[in-house]
Structures are given as structure tokens and as C-alpha cells.
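Take a look at the structure set out below.
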Amino acid sequence: MPTVPPELDHYPEFDDGDDDRPVGLLGVLRRAKVLTWLTIAGLVALSVGALSYLIVVMR
Numbered sequence: 001m002p003t004v005p006p007e008l009d010h011y012p013e014f015d016d017g018d019d020d021r022p023v024g025l026l027g028v029l030r031r032a033k034v035l036t037w038l039t040i041a042g043l044v045a046l047s048v049g050a051l052s053y054l055i056v057v058m059r
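All residue numbers for the sequence shown refer to the UniProt record's numbering, where the first residue is 1 and numbers rise by one.
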């Protein structure tokens, strides 16, 4: 069986701690929650900008 260098092996016993991927279901949900809030904040900002633009144009 060929051996794989640790830097190419993705098994936990060769983990060097430099990987920032979410661990487990809670890590994935935490990252998804952050992305959801960023998306909502962006959409709110776009909506406020669009309403402000329409108010200025209507006057």
C-alpha cells in the first residue's frame, strides 16, 4: 500500500491545525448563520438605498 505524505493526507491524525474548514454540523451551521446575516444586511442596505433614491427622484 503506497504511503501518502502528511501534507497531502486529509485524515485527522495528520491534521496540523492550519485548516479553517468548519468542523462538524455545528461549525457548518455557524458559518451558514454568519453568511445568512451578511446576506440579509446586504439586502436591507440595497433596499434602503433604492428607497432613498426613489424618494429623491420623486421630489
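Glycine residues also receive a C-beta, built at the ideal position from the N, C-alpha and C atoms.
Here the structure is a predicted model, which means the values were calculated and not measured.
Residue i to residue j span [Cα, whole Å]
i, j, result
"V48", "L35", "20 Å"
"L29", "L38", "14 Å"
"R31", "L25", "10 Å"
"L54", "A45", "14 Å"
"I40", "T3", "47 Å"
"V57", "G27", "45 Å"
"L43", "P5", "45 Å"
"S52", "R59", "11 Å"
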